[in-house]
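Below is one structure; the comments refer to it alone.
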Amino acid sequence: MGRALYNAKVPTRYPDSINLLPFTTSFTFSIAPYEDSVPGHGFVLVFVPSPGIQSASPSQHLGFLNNTNNGNPNNHAFGVEFDVFQNKEFGDINDNHVGVNVNSLISLASYNAGYWLGDGSNITDLSFKEIKLSSGDNYQAWIEYWNYQLSITLAPENVKKPERPLISVPLDLTQVFLDEMYVGFTASTGQPIEDHKILNWSFNN
109 MGRALYNAKV PTRYPDSINL LPFTTSFTFS IAPYEDSVPG HGFVLVFVPS
159 PGIQSASPSQ HLGFLNNTNN GNPNNHAFGV EFDVFQNKEF GDINDNHVGV
209 NVNSLISLAS YNAGYWLGDG SNITDLSFKE IKLSSGDNYQ AWIEYWNYQL
259 SITLAPENVK KPERPLISVP LDLTQVFLDE MYVGFTASTG QPIEDHKILN
309 WSFNN
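Under this note's numbering, the first residue of the sequence shown is numbered 109, with each subsequent residue one higher.
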C-alpha cells in the first residue's frame, strides 16, 4: 500500500467563495500482476485532506479508506478507482471497472473499463470496446470536473481521446472538498500482487 501525492495542497475553490474550481487531469498508467498471481487490487486518483496513510488500509480498501471510516462524510475524500478485484461487500460490478467514490469505497457510479469508438456525432454509431485494466498494457485516463459534472474517459495509449466519456455524472463536491486538498494516487495489493505504474500525469485547475 502506498500513496504518491503532489507535494503541496491545491486550491479547490474560487477566492472568498463556496464555488468549486473546475479541474482537469490526465495520466498514463499500467497494471500488471506478478508472474502467475491473480490481479489485485487497483489504484485510485484521489483528493484527500492530508498526505498520511494512517486512515487507509491495503487490499480491497485500495489505500484509500478503511473499515472504520468507510462511508464517513468527515473523510472529505474523493476518488476515481481503477479496480481489478471484485469485492461484493462494496458492490463492485466486476473485477475490471472504473468507479466514482465519495467518502466511501461503495462507488456512486461505475462502468466496465473500456472506451467508445466513433466521432461522437451520432450516439447510435458508437461502439463500446472493453479493455482489461490488469493486462500490463499502457492506458490513458482523462478526468474532468466542471459545473458540477464529472467526466471520466479511458483509452489505450495510442488512441486519441474518445469523444464520448466512459462515465459522465452530476456530482456536487461542495461538502466534500476543503478549501485546499492534496491530489495524487493511492494503490494497494493483498494476497494477489500486481505492479501499478503511473507513467505521466498532468493536473490543471
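The C-beta atom is built at its ideal place from N, Cα and C for all residues, glycine as well.
Check	Outcome
Assigned exposure category for residue 165 - 16 Cβ within 10 Å defines buried	Bear in mind that a pLDDT of 47 at residue 165, under 50, signals an unreliable position, so the model cannot answer this.
Integer Cβ distance of residue 237 from residue 222, believed to fall under 8 Å	5 Å
Runs of alpha helix (DSSP H) lying entirely within the stretch 238-284, each at least 4 residues, in chain order	none
Residue 137 and residue 275 closer than 9 Å at C-beta	no
Pair within 9 Å by beta-carbon distance, residue 250 and residue 278	no
Neighbourhood of residue 267 by C-beta distance below 8 Å, restricted to the same chain and skipping five residues each side	223, 248
Backbone secondary structure at residue 159 - three-state DSSP	coil
Cut-off 6 Å between Cβ atoms - residues of its own chain near residue 303, not counting five sequence neighbours on either side	140
Which residues DSSP lists as bridging residue 217, in chain order	208
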